[in-house]
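Peer 1: In this note's numbering, the protein residues as written are 128 to 387.
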């Protein structure tokens, strides 16, 4: 099976460093680059895009709430759909310009943190994110969790979708991520994470923390780039996937996604 491994990157800011992007870019096939709202800045974005280009790694925009202090993981309520739409457009525009100036191409979009989690269940917010992508570039792919409101909105809007699962996160019975801090929410052992991913690929389903199977497509596996076990987890995951016969490819080169 052709499968993508993605990670969130470019999440440093000024003199503050987050994650080991150089090491991760040697292991993943697609990178979701912070656009300056929850993390990142123009110089970090440029460095990340150029490093990804050198490694043959796809780059996508990783828009989030305007929340540097909380790393985009705090819920921000009360924004209208129109406000969310313009906030996402702003970030996509910045990322597309940085990528083009570096000689690379923005291929996809993946929402970050609280924005993403809220769009999984909030129909208005999900539709606003999809509308923003369609207005900037309707050929972009949305990398997102299956079985969610934003997946349904994207399909309804005609966007291409890549369905992702998380190697380092646990799932509830709805197929949503368990909130950080709850038992089973974080998977820190690389070998346990790899075993879970191989099982999900074999069964074509999300396996919840309670052992339920929720059938869904799986096109990409995410390893969060900011965690202390990110590099060993991505390394073990890639090694185990390839040993099982899976072909690691960027989203733009996975054949079934291009023909969808």
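All residues carry an ideal CB built from backbone N, CA and C; glycine is no exception.
Express the C-alpha separation of residue 235 and residue 185 in angstroms, rounding to a whole number.
Peer 2: If I take the Cα positions, the gap works out to 8 Å.
Peer 1: Verify whether the separation of the beta carbon atoms of residue 375 and residue 132 is less than 8 Å.
Peer 2: yes
Peer 1: Identify, in the order they occur along the chain, each residue of the same chain with its Cβ nearer than 6 Å to the Cβ of residue 178, setting aside the five sequence neighbours on each side.
Peer 2: 152
Peer 1: How far does the alpha helix (DSSP H) with residue 228 in it extend, from its first residue to its last?
Peer 2: 208-228
Peer 1: Between which two residues does the beta strand (DSSP E) containing residue 273 stretch?
Peer 2: Careful: residue 273 lies outside any beta strand (DSSP E) and carries neither H nor E.
Peer 1: Pick out whichever of 140, 147, 318 has its Cα sitting closest to the Cα of residue 354.
Peer 2: 147
Peer 1: Name the two residues that bound the continuous alpha helix (DSSP H) containing residue 148.
Peer 2: It spans 148-152 - the alpha helix (DSSP H) in which residue 148 sits, taken as one unbroken run.
Peer 1: Which whole runs of the beta strand (DSSP E) in the stretch 349-384 are 3 residues long or more, in chain order?
Peer 2: none
Peer 1: Three or more C-beta pairs under 8 Å: does that hold for the stretch 240-256 against the stretch 277-291?
Peer 2: yes
Peer 1: Hey, would you say residue 320 sits closer than 8 Å to residue 384, going by beta carbons?
Peer 2: no
Peer 1: Run through the stretch 287-337 for me and flag every whole beta strand (DSSP E) of 3 or more residues, listed as ranges in chain order.
Peer 2: 287-293, 332-334
Peer 1: If you compare alpha carbons, which of 294, 295, 265 is closest to residue 282?
Peer 2: 265
Peer 1: Determine the extent of the beta strand (DSSP E) in which residue 243 is found, giving its start and end residues.
Peer 2: Segment 240-246 is the alpha helix (DSSP H) holding residue 243; no beta strand (DSSP E) there.
Peer 1: Here's the rule: buried if 16 or more other CB atoms are within 10 angstroms of the residue's CB, otherwise exposed. What is residue 296?
Peer 2: buried
Peer 1: Kindly indicate which three-state DSSP category residue 160 falls into: helix, strand or coil?
Peer 2: strand
Peer 1: Span of the beta strand (DSSP E) holding residue 132?
Peer 2: Residue range 129-136 is occupied by the beta strand (DSSP E) that includes residue 132.
Peer 1: Beta-carbon within less than 8 Å of residue 377's beta-carbon, same chain only, minus the 5 sequence neighbours each way: which residues are those?
Peer 2: Closer than 8 Å at Cβ, skipping near neighbours: 131, 156, 157, 183, 184, 185, 234.
Peer 1: Alpha carbon to alpha carbon, what distance is there between residue 187 and residue 227?
Peer 2: 12 Å
Peer 1: Going by DSSP, what residue range makes up the alpha helix (DSSP H) through residue 179?
Peer 2: 169-182
Peer 1: Leaving aside the five residues before and after residue 386 along the sequence, list all residues of the same chain whose C-beta is less than 6 Å from its C-beta, in chain order.
Peer 2: Non-local beta-carbon contacts of residue 386 in its own chain, meaning distances under 6 Å to residues more than five positions away in sequence, are absent.
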